[in-house]
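>
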Amino acid sequence: MGTPILEMKSITKTFPGVKALDNVTFSVATDEIHCLVGENGAGKSTLMKVLSGVYPHGTYEGDILFEGQVQQYRGIADSEKAGIAIIYQELALIPEMTVYENIFLGHEIKRGFLVDWNETIRRADEMLKKVKLSVNPAAKVKDLGVGKQQLIEIAKALSKNVKLLILDEPTAALNEDDSDNLLSLLRDLKHQGVTSIMISHKLKEVISIADTVTVLRDGQTVCTLDAHKGEVSEPVLIKYMVGREIENIYPKRDHKRSDEVALEVRTGMRIARPLGDVLKDVSFNVKKGEIVGFAGLMGSGRTELALSIFGNPTGFQVHGDLLINGEEKHFARPEQAIDAGLAYVTEDRKAKGLILIQDVKENITLANLQEIARRGVVDGNAEVKVANEYRVNLNIKTPSVEQKVGNLSGGNQQKVSLGKWLFVKPDVLILDEPTRGIDVGAKFEIYTLMNGLVQQGMSIIMISSELPEVLGMSDRVYVVSAGRITGELPIEEATQEKIMHLATS
Amino acid sequence: MTFFHDLQKVLRQNIREYGMYIALFVIMAIFTVLTNGVFLSARNMSNLINQTGYIAVLAVGMTLVIVIRQIDLSVGFLAGFLGAIAAIAMVQWLWPVAVVIPFVLLLGVIAGLISAFLIAYFGIPSFVATLAGWLIYRGLLLQVTAGTGTIIIPDAIFNAIGNGYVPDLPIPGLDFIVGHKLTLLLGAIGIIAYIFGEINGRRKKQAYGFEVLPPAIFVLKLVFIAAVLALVTWVLAGYNGLSWTALIVLVVVGIYSFITTRTVLGRHIFAVGGNPEAAELSGISVKRITYIVFGSMGLMSALSAILFTSRLQSATTTAGTLFELDAIAAAYVGGVSAAGGVGSVFGSLIGALVMGSLVSGMNLMGVDISMQYVARGLVLAAAVIFDATTRRRGG
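One line per chain: the protein sequences are A and B, in this order. With our numbering applied, the first sequence corresponds to residues -1 to 503, in that order. With our numbering applied, the second sequence corresponds to residues 7 to 401, in that order.
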């Protein structure tokens, strides 16, 4: 280990009623990639916010030393000036602006009072080369994919002469290719003298890239591990993160086969948008009590397929036959799909799944208020009872069902989202990326729950970009690639290689 | 003392909810002192309520519009135009009042649905769609009153809506009671219903193990609110009793409060405001809710038209000017959030009363109209600042 570029000593940060960080010590050596892992709510993001000045000096206890100097940041501007840049999970680019405008946003290159656009474009080009991204600097950011946007964020950080780059779950929304690309860029940057801190839930990624790993749990530093001494492996990390050992993250289930078809799409469903087809020649079926995995890269059309089945709220044109329990159905709206026994748990719980400003009980009952209403009037007592049942059954950690959902951690929000759709008592449950951005402990709980549901006869369609999850949970796998179903594999025959091959064909 | 400690804690936790009531109370107290009690006189209170009525019903409708993240600028001149239609129907077409009122209410709903059509079907931003309505209804108002100018309404029944009082109960042998007996009776029923409702709600919460107010604070709250209700009842009963306008506003607020807080429809409206995409995926049609909310806004515009036209006993060429902004201001003072999904009908009524009290009090004091606008602006800004800062702290 080299000399430390950053030392955070005995950091304690309290929010009203909660100690988010408790005497945390965190040290990063110069020119390394340091991964920060821990369950949701362990304090990773809070620690990075303390470091970057989001929580200014004086609102926390402890010392920050950067390049050996004690730092007292009053805001992000101060930490940026010192050479620290942070890239959040939710990208902070302005979609309607061009790449070069975004890169130099907030620190425009000026000549006198005016922006020197020619110099800006030249420098932007330079930065883009550094991150190995070949796009026109004059392209609008909204026209680029998430992977490229992520690289532009890094280019933006580099343009500020960053010495320490902090990435908060940079690959959460990226497909495998883009993730690999990003990780190799981080390695390159390391050799060019940029130290990185990466927060990630993807342990494989952490193992492949980290020089050092620090594990946080419940606001405290559990340990710091040196990857070059072979101290880092998946079971070890999980053990430290969770505080106990999880034997198999995918709990076992009998792959029992039923011939009863719960949902079927046949005669080649076609889903079209004014600009062209989103999906073509789609035929598949889901049997009773079965978990069917839908694998594929992001953007391959899996979410669109799910939405088309689920009453088509986005207004595609859908041609083709949908059968539920053998009956032909045509849904014009989601409420018809819900009535017919479908439920769809979205991949984006914050934007499309939950109402963050409302409380747990209101979110859980929203899709099925009729159940607890008489003549259009909601029975408040019944609602509390229902919500409490789901709180207990799903182990939702909340002080009460009257807590606002926005105040819960990601894993608990996902459980509320699940509870909401279990309350409509569906026959077929569509889960779109059911464990995205949630920690190992909560994942395990959700998998266990899924197993319980199919044993009771429910059918589950699971859309997932995480291959281990697809392989660990499914009875059967469909692979979607570029708007077509390119393959169907029984779980016994499915391997990562076969799925990746089909997903990229 | 635990009591004061509890009181402090409760006030701090619920400052947002109680803030408006405290503001109204403080404003009324200040004006009562500054006008040597004239402000709180029966006559002035009665006037205040009648003058606030036509803004209050607009504010109630506007609350739902803002909750679903929209705005309606057309309501002022729509009310003006519908008022003129009502006057023309009575004076020129000689329609009876019993036909005119439902007719105008129906026109209001249709106008609201047209706005909703532009917004839900074509996806035009509500600011623009209703700005078009603002221009159109203003033009139509001028057009229909062009030949006549102000139209005087001679109909006594119609004019009673904005000026008259609910007649007293003809109970013989109760003459020893001073004041308007029906008003006293309604006030007493209201107070008793309130106390029972609160006690009942508290019991249910306790049964679920939810946090409730400490007993001493709970009693204090009951006594305070009951005292305010009693005072208002007593003041009104000492004059002419309950006005028709007050009765209409109370009924409207009651119905809207019930719908927004207790029904499936109310939940759906707040869900659309809280997160339209999540609502849509939950099987709630955002378009349908838009039609309902704007239809209701049109209905409230028509009701406002009736109250205002009746109060003036005439339709004028400038009726309804700036009503929309008064209603929006009342809703914001009453705690509605511009971000959507947050607000209460009752809060907006209080907001309307706060703004109405300011006007009434300053008029009594003889404050110049120019400074009245400044004062109202300052109160609006203060209310929203208060709201924003307490919201942030509340998390």
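No residue lacks a Cβ here, since even glycine has one placed at the ideal position from N, Cα and C.
Kindly give me the distance between the Cβ atoms of A:I543 and A:G60, rounded to whole angstroms, as I take these residues to be in contact under 8 angstroms.
Beyond the ends of chain A as shown, which are -1 and 503, falls residue 543 of chain A; an answer cannot be given.
> Work out the CA separation of B:T136 and B:S363 for me, nearest whole Å.
Looking at the two C-alpha atoms, the distance is approximately 29 angstroms.
> Jot down the residue ranges of each uninterrupted alpha helix (DSSP H) in the stretch 20 to 51 of chain A, minimum 4 residues, whole runs only, in chain order.
You should have 42 to 50.
> With a threshold of 6 angstroms on Cβ separation, who are the neighbours of B:Y171 within its own chain once the five nearest residues in sequence on each side are excluded?
Answer for B:Y171: N246, G247 and S249, listed in chain order.
> Is the beta carbon of A:P168 sitting closer than 7 angstroms to the one on A:L180?
A contact, by the Cβ cut-off of 7 angstroms.
> Under DSSP, the beta strand (DSSP E) around A:D123 begins and ends at which residues?
That residue, A:D123, is in no beta strand (DSSP E); its alpha helix (DSSP H) goes W115 to K128.
> Whole angstroms is fine: what's the gap from A:Q401's alpha carbon to A:A385's?
In a straight line, the C-alpha of A:Q401 is about 11 angstroms away from that of A:A385.
> Quick one, which of A:D114, A:L165 and A:V48 has its alpha-carbon nearest A:I31's?
Cα-wise, what sits closest to A:I31 is A:L165.
> Where does B:Y143 land, buried or exposed, given buried means 16+ other C-beta within 10 angstroms?
The residue in question, B:Y143, is buried, as its Cβ has 16 or more Cβ neighbours within 10 Å.
> Where A:N323 and A:L19 are concerned, what is the direct C-alpha to C-alpha distance, given to the nearest angstrom?
Whole-angstrom Cα-Cα distance: 52 angstroms.
> Along chain A, in chain order, which residues have C-beta atoms closer than 7 angstroms to that of B:G280?
What B:G280 touches in chain A: I353, I355 and Q356.
> DSSP three-state label for A:T10, please.
Strand at A:T10.
> Beta strand (DSSP E) containing A:S479: first to last residue?
Counting along the chain, the beta strand (DSSP E) containing A:S479 begins and ends at R474 to S479.
> Determine, using beta carbons only, whether B:S320 and B:I158 come nearer to each other than 7 angstroms.
Yes, these two residues count as a Cβ contact at 7 angstroms.
> Out of curiosity, what's the CA-to-CA distance linking B:G401 and B:G185?
Any reading at B:G401 must be qualified, since the residue scores a pLDDT of 39, below 50, and its modelled position is unreliable; the value itself is stated next. The straight-line gap from Cα to Cα measures roughly 48 angstroms.
> Buried or exposed, going by whether 16 or more other CB atoms sit within 10 Å of the CB of A:Q368?
Looking at its Cβ environment, which holds fewer than 16 other Cβ atoms inside 10 Å, A:Q368 is exposed.
> For B:Y214, which residues in chain A fall below 7 angstroms Cβ to Cβ?
Within 7 angstroms Cβ-Cβ: V382.
> Using beta carbons (cut-off 7 angstroms, strictly below), is B:G347 in contact with chain A?
Output row for B:G347: interface = yes.
> Please name the residue or residues paired with A:K402 in a DSSP beta bridge.
DSSP lists A:D357 as partners of A:K402.
> Restricting to Cα atoms, I'd like to know which of B:T151, B:V238, B:M303 and B:I356 is closest to B:A90.
Among B:T151, B:V238, B:M303 and B:I356, the Cα nearest to that of B:A90 belongs to B:T151.
> Nearest to A:D425 by CA position, among A:K395, A:M456 and A:T396, is which residue?
When each option's Cα is compared against that of A:D425, the closest is A:M456.
> Can the beta-carbon of B:F164 be found less than 7 angstroms from the beta-carbon of B:V257?
Not closer than 7 angstroms, so no.
> Could you confirm whether any beta carbon from chain A is found closer than 7 angstroms to the beta carbon of B:S263?
Cβ-Cβ to chain A under 7 angstroms: no for B:S263.
> Assign A:K350 to buried or exposed, taking buried as 16 or more other Cβ atoms, counted over all protein chains shown, within 10 Å of its Cβ.
With 16 or more other Cβ atoms within 10 Å, it is buried.
> Taking all protein chains shown into account, decide if A:V390 is buried (16 or more other Cβ within 10 angstroms of its Cβ) or exposed.
With fewer than 16 Cβ atoms within 10 Å of its Cβ, A:V390 is classed as exposed.
> At the level of alpha carbons, what is the spacing between A:V160 and A:V192?
Straight-line Cα distance between these residues: approximately 7 angstroms.
> Restricting to Cα atoms, I'd like to know which of A:L447, A:K441, A:L163 and A:S182 is closest to A:L427.
Here the closest residue by C-alpha is A:L447.
> I'd like to know if B:G289 contacts chain A, where contact means its C-beta is closer than 7 angstroms to some C-beta of that chain.
Closer than 7 angstroms: yes.
> Helix or strand or just coil, what does DSSP make of B:F202?
Helix at B:F202.
> Tell me which same chain residues have a C-beta within less than 6 angstroms of the C-beta of A:K496, skipping the five on either side of it?
Once the five neighbours on either side are set aside, A:K496 has no close Cβ partner at all.
> Distance, Cα to Cα, B:A387 vs B:Q378?
Between B:A387 and B:Q378, the C-alpha separation is close to 14 angstroms.
> Would you kindly report the start and end of the unbroken beta strand (DSSP E) that includes A:T219?
That run of the beta strand (DSSP E) goes Q218 to D224.
> Can you tell me whether B:T136 is helix, strand or coil according to DSSP?
Three-state result, B:T136: helix.
> Quick one, are the C-beta atoms of A:S472 and A:I459 less than 7 angstroms apart?
Contact flag unset, no.
> Give the DSSP-derived three-state secondary structure of A:N366 in the structure shown.
Of the three classes helix, strand and coil, the one that applies to A:N366 here is helix, per DSSP.
> What number of angstroms, rounded off, separates the C-alpha of A:Q494 from the C-alpha of A:W115?
Each residue's Cα considered, the two are about 47 angstroms apart.
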